[in-house]
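Novice: Residue numbers (the working numbering): 1 to 1089.
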């Protein structure tokens, strides 16, 4: 590898066999050490693990290429600069119809491959036409009929002589393989010494330095910590932090004032200990001090969670609604972040803010122009009307703003200057909600279909032309009202959005109050213009201040006063607020980045912040972030301190390459520092789990350092949603009859566990809806195949919306990290004879799985397999048994019935009918089965016939009897004629059964014996053998076998004490008839129908 090579150069150099070769870098990937001798040693330690991980990720994509989004190529052209193999690839707007177009949208950093067929396997990417050609997407242009990808190709493409000719003979496609953006950014960060970025904090963590995490001695001597405590005291009290949370916030906040050294602080946040709340309060305190802080996380989900929590604290504590949000920025990819699903975060999303401010800053139609023209209109309306009349086209320039003359109705007394603050705030709140809702409709900030935009613009122009032709000159009253209401709407838009999106350094608190007053006066003045009094007098006379208004003198006085106040406040705003003279999106974006205080993004996206200077870095979920990836934000200009918040006992970053994984490529900086003994602030009270849930993970993973919060110890925190001890707060439920099945060789599923969980969720739904108790349920499993199987079983029966009364979320354990629900059902899947549990043995994965529930955690698994694994799961089962929280699924007759039905469905009927105390455990009759019956059943392949057989056996075991007319077609002699009965299953098969008497302890009891299931033609031969078996039965025993007792219409078994008169007369045969007929028989209890 050349020292000057970039990561994309290396990727472009690979052939298809190279990518599929798992040993390509086997001897170059070395163990990443715990300490490093130099900065160069540190950076180079991650280089080959990153290359190998990129290869493994690409290999995985190619292996699954049949499922990848595929687009047809329409045209290929050269793009500038052509010498770098840059091309413009035109593709259809919709991807291959086999895939959901909403699932994928081409973007920067995508690696695509060319192919002449829709790929079904990796070999389809290697053809004579394409010779495994890949390209990196540099830019995407969405046009009316197609999408143009500006790409850099791995090989030269001649549009005229090579690819273009192929289009006539065969189709050409591009297929998405993976996105390289994060890996490219990591590579750039690892090679940063070439451009001299900020390495102060990275140098701090190279060596075994026990100073990290401890207080600065200089700050301690200067009393900075006491000053910090006094500043933070009101914040700590207002947000009710516990002692450990307050200490973590205080120690981290003090870093802002430390200029003696660069430092790293570790906050250890086990599950449910309020980690997100602690981070949000810390960020709130830093925001109040205008400290420029970047908050990163490994995933978009984690970023959105902490941003939403901080936003709630700000809006709840701010007396001016959205004022101050301009100091906060959320940046990232709109689609990957799913911003459209988080409307509460729109007001801090940078792309959205840029579009809004572009509208407000516009020189001809923005804030300044609108404010100036509104002042002129209110101050001298007659002059404005004369100018209007001189304008021959008399076009309303305001129509360009896209705002109509709609009024926002607000309950407010016109011109009432004595309005209290609370009333003024209500006006402000109502207006702001309506304006912000309009923003999303009025401002085209999303990437929309150009064809739709074109249609709309043509339609709009046509309407304007028609309007211009038909429009008549307005009189004064119509002119003033029309112009005022149009200006008022845009003025409200500007006021609300400037307050929301401008940094607080550009709007003083006095101007905020003036803006709120302006909103009230605009509403009041508009309301007065529509009053009957004004209409009766004539608007022109009123505005001209003619005093002879008779009975309407009071209305005139109010209007005059309101107009004067409005004019004064508008002039004050014109002087007090001056928006920047920037009119393009890039400049506005830079303006926002340079003037905000808090920034939220993924660690990868923090590369976009290298254009500005920062002070502090906060990394949430730091234990999930690869150390090499954390280098991206750690190199931000001006950065002095870093605060890492996480829990090394939860899942680390996912690594696909086995070689890179074994080398420690997935290890986080947080985990490495902890392993070196660095001090960390522990959050030591958990507020999520019922104590019976938290008990085992606290003991197993945290050495009993975590206390249960007062909320979870309250009596009402214990929920009994389903009846039975099995469904308490914490249970392990043994599923002894499942079977793990491999899916595509990559993942596992267990259909018996799927069925059991589906039954439990159905019962939860029934109880929740019946009691009208709101409930959120999470179903988690370590295997994606099991997740898919459960989702397919559920279908659309349950809502996934957490706001609904009953919601169900189904995810993998890895995908559920950071989540929580009222009830968690954990499906462990593994069921084998050798105790193999694979990556389920990972303690971090087990910890995540066991700490997601609030009220109830029910663990479903095979005890024999999990105990045999010699992992944390053996300890869990032993703990459950010691605490009497261990149950067998068949103890619940509903689950027992579900298990049997599933075993029949998956063609394991022999298991379902040989399980002691499972099939019919609450039946009235005890039932015995012959081996001949099992043999006959195993020969029946039709699942429906098997189910029908089970149904008939269930009815018989519960005392239902019905005649079989076909019995008369068989010639029956001997004792079997008196004892044997037939039950017709279908036109071909009959169950042959009888009632017998067996001795149980000190009594004789009737039992039901099932001999076989046969076609009618074969039954006579069976009866001959049975006659031989019944030969030893005396008349008294025959009498007991044929004796019948009814309870209503049901026939029930009879029991006689051994010493009763009738029992003394009978003699049971020395050999059971079934044992004579076949060597053994299976005895079972029967389930309720």
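Glycine is no exception: its CB is placed at the ideal position from the N, C-alpha and C atoms.
In the DSSP assignment, the beta strand (DSSP E) including residue 70 goes from what residue to what residue?
Specialist: Taken as a continuous stretch (DSSP letters only), the beta strand (DSSP E) holding residue 70 covers 70-78.
Novice: What whole-angstrom Cβ distance do residue 663 and residue 49 have, given they're in contact under 8 Å?
Specialist: Right, the Cβ-Cβ distance comes to about 5 Å (below 8 Å), so this counts as a contact.
Novice: Would you tell me roughly how many angstroms separate the C-alpha atoms of residue 110 and residue 137, rounded to the nearest one?
Specialist: Approximately 5 Å, taken between the alpha carbons.
Novice: Taking a contact to mean a Cβ-Cβ separation below 8 Å, would you say residue 775 touches residue 822 in this structure?
Specialist: The answer is yes: Cβ separation under 8 Å.
Novice: Is it buried or exposed for residue 337, if we count other Cβ within 10 angstroms and need 16 for buried?
Specialist: By the 10 Å Cβ count, residue 337 comes out buried.
Novice: Taking the CB atoms as reference points, tell me whether residue 884 and residue 874 lie closer together than 8 Å.
Specialist: For residue 884 and residue 874, no; Cβs fall outside 8 Å.
Novice: Which of the three DSSP states is assigned to residue 1057 in this structure?
Specialist: Three-state result, residue 1057: strand.
Novice: Please state whether DSSP places residue 351 in a helix, a strand or coil.
Specialist: In the structure shown, residue 351 sits in a helix (DSSP, three-state: H, G or I).
Novice: Is the Cβ-Cβ distance between residue 1011 and residue 956 less than 8 Å?
Specialist: Cβ distance not < 8 Å, so residue 1011 and residue 956 don't count as in contact.
Novice: Which runs of the alpha helix (DSSP H) fall wholly inside the segment 701-735 and span at least 4 residues, in chain order?
Specialist: Listed in chain order, they are 710-713.
Novice: Based on the DSSP output, what are the partners of residue 1006 in its beta bridges?
Specialist: For residue 1006, which the question treats as bridged, DSSP gives the partners 997.
Novice: Using 8 Å as the cut-off, can you tell me whether the segment 140-147 makes contact with the segment 168-184, which would need three or more C-beta pairs spanning the two stretches below that distance?
Specialist: Counting Cβ pairs under 8 Å, fewer than three are found: no touch.
Novice: Check this for me: beta carbons of residue 806 and residue 579, under 8 Å apart or not?
Specialist: For residue 806 and residue 579, no; Cβs fall outside 8 Å.
Novice: Any idea if residue 318 is buried or exposed, counting beta-carbon neighbours within 10 angstroms, 16 or more meaning buried?
Specialist: With fewer than 16 other Cβ atoms within 10 Å, it is exposed.
Novice: Name the one or two DSSP bridge partners that residue 179 has.
Specialist: According to DSSP, residue 179 bridges with 110.
Novice: With residue 1096 and residue 852 assumed to form a contact (beta carbons below 8 Å), what rounded beta-carbon distance in angstroms separates them?
Specialist: The requested residue 1096 does not occur in the structure, where the chain is confined to residues 1 to 1089.
Novice: Does the ligand GTP have a heavy atom nearer than 7 Å to the CB of residue 594?
Specialist: The ligand GTP is not among the ligands present in this structure, which contains no ligands whatsoever.
Novice: Out of curiosity, what's the CA-to-CA distance linking residue 738 and residue 206?
Specialist: Straight-line Cα distance between these residues: approximately 50 Å.
Novice: In terms of alpha-carbon separation, which member of 1015, 1056, 997, 834 lies closest to residue 1033?
Specialist: Selected option, being the one with the closest Cα: 997.
Novice: State the DSSP-derived secondary structure class of residue 1019, mapped to helix, strand or coil.
Specialist: Residue 1019: helix per DSSP, three-state reduction.
Novice: Taking just the CA atoms, how far does residue 595 sit from residue 78?
Specialist: Approximately 40 Å between the Cα atoms of the pair.
Novice: May I have the straight-line CA-CA distance separating residue 628 from residue 276, to the nearest angstrom?
Specialist: So the alpha carbons of these two residues sit roughly 24 Å apart.
Novice: Is it true that the segment 475-493 meets the segment 506-515, where meeting means three or more beta-carbon pairs spaced less than 8 Å apart?
Specialist: No: fewer than three Cβ pairs fall under 8 Å.
Novice: Kindly identify the DSSP beta-bridge partner or partners of residue 1142.
Specialist: A query on residue 1142 cannot be resolved here, the shown segment of the chain reaching from 1 to 1089 and no further.
Novice: Could you check if residue 495 is buried or exposed, using at least 16 other CB atoms within 10 Å of its CB as the buried criterion?
Specialist: Result: buried.
Novice: Skipping 5 residues on each side, what residues in its chain have a beta carbon closer than 7 Å to that of residue 368?
Specialist: The answer, listed in chain order, is 579.
Novice: Would you mind stating whether residue 1041 and residue 979 have Cβ atoms separated by less than 8 Å?
Specialist: In this structure, residue 979 lies closer than 8 Å to residue 1041 by Cβ.
Novice: Considering residue 602, what are the terminal residues of the beta strand (DSSP E) in which it resides?
Specialist: Element bounds for residue 602: 598-602.
Novice: Which residue marks the beginning of the alpha helix (DSSP H) containing residue 595, and which one marks its end?
Specialist: Run containing residue 595: 585-595, per the alpha helix (DSSP H) assignment.
Novice: Would you kindly check if the distance between the Cβ of residue 635 and the Cβ of residue 199 is under 8 Å?
Specialist: Going by C-beta atoms, residue 199 is nearer than 8 Å to residue 635.
Novice: With a Cβ-Cβ cutoff of 8 Å, do residue 870 and residue 835 count as a contact?
Specialist: Taking 8 Å as the Cβ cut-off, residue 870 and residue 835 qualify as a contacting pair.
Novice: I need the boundaries of the beta strand (DSSP E) containing residue 737, first residue and last residue.
Specialist: Taken as a continuous stretch (DSSP letters only), residue 737 belongs to no beta strand (DSSP E), as it is neither H nor E.
Novice: Compare the Cα-Cα distances from residue 1099 to each of 323, 661, 950 and report the closest residue.
Specialist: Within the shown structure, residues of the chain are numbered from 1 to 1089, placing residue 1099 beyond reach of any answer.
Novice: At the level of alpha carbons, what is the spacing between residue 700 and residue 249?
Specialist: So the alpha carbons of these two residues sit roughly 27 Å apart.
Novice: DSSP state of residue 621, grouped into three classes?
Specialist: Three-state DSSP puts residue 621 in coil, outside helix and strand.
Novice: Just verifying my parser: in three-state terms, what is the DSSP assignment at residue 821?
Specialist: Correct three-state label for residue 821: strand.
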